[in-house]
Amino acid sequence: MTGPEHYREAERLIAESAEILRPHDEGPCEADRMLAAAQVHATLALAAAHAAPSSSDPWPSLETEPAVASVYRATWGMTPLGTYTNAAAAQTHCQADAVNHDDEPDSSTYEWFGDAHELDDPCDLLVTKNGVQTATEYSVTRIEVATEYDPEADA
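Position in the sequence shown counted from 1, then plus 179, gives you this note's numbering.
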């Protein structure tokens, strides 16, 4: 598959998994499987988009690339909202969704809470209404994407 084909497949799988997340008999396990496949296709599309194709080899040689890349997953509770190449885009998606679902968005103030030194810890969206700050179910999590299998990681 080419980069654009991977991207389209990722979009298709995400859309299909969103349908499954609605009350159907297949349940969230099938949706999780489809979202994992979508993430793989999105990562392959990203790799293809950033590759500098040569005339002899149009695909990047993943073995010569850095061992790990990162993506950022935006979620609302257990529901994935999207996967992005930067934290700011994932946070923007979460905050826009929170505002869209807020009964009184003009009286709400949003801010992100997370430890900048612990990159693998989720960053959570907090909302302040009438002087009271509470946690939302929105979060952004950094996910490392390996370019090769590490057998020591399973040990």
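Ideal Cβ placement from N, Cα and C applies to all residues, glycine included.
Looking only at DSSP bridge pairs, what is E290 linked to? Note: E290 sits in a beta bridge opposite L305.
Thinking T315 and V306 are a contact (beta carbons under 8 Å), I'd like their distance in whole angstroms, please. 5 Å
Enumerate in chain order the residues of its own chain whose CB-to-CB distance from Y263 is below 6 Å, with the five nearest sequence positions on each side excluded. Y251 and A269
Any idea which residues DSSP pairs G261 with across the strands? Looking at the DSSP assignment, G261 forms a beta bridge with A253.
Distance check for C273 and A267, CA to CA, integer angstroms please. Between the alpha carbons of A267 and C273 lies a gap of roughly 10 Å.
Measuring only the C-alpha atoms, how far is S286 from P259? 26 Å
Residues in its own chain within less than 7 Å of A216 by CB, not counting five upstream and five downstream? L192
Cβ-Cβ separation, D294 to D303 (assumed contact under 8 Å), whole Å: The pair is not a contact, with the Cβ atoms about 11 Å apart (cut-off 8 Å).
Please classify P245: is it buried, with 16 or more other beta-carbons within 10 angstroms of its beta-carbon, or exposed? Its pLDDT being 47, under 50, P245 is placed unreliably in this model, and the coordinates cannot settle the point.
What residue does the alpha helix (DSSP H) around T271 start on, and which one ends it? A266 to N279
Figure out for me which residue from A275, N265 and Q218 has the closest Cα to the Cα of A325. Q218
Closest residue to E290 among V278, E283, E297 and A224 (Cα-Cα distance): V278
Which whole-angstrom value describes the C-beta separation of A224 and A248, a residue pair presumed to lie in contact below a C-beta threshold of 8 Å? Not confirmed; about 13 Å, so no contact.
Can you tell me whether E188 is helix, strand or coil according to DSSP? helix
For P284, collect the residues of the same chain with a Cβ closer than 6 Å to its Cβ; drop the 5 residues on either side in sequence, then sort them by chain order. V278
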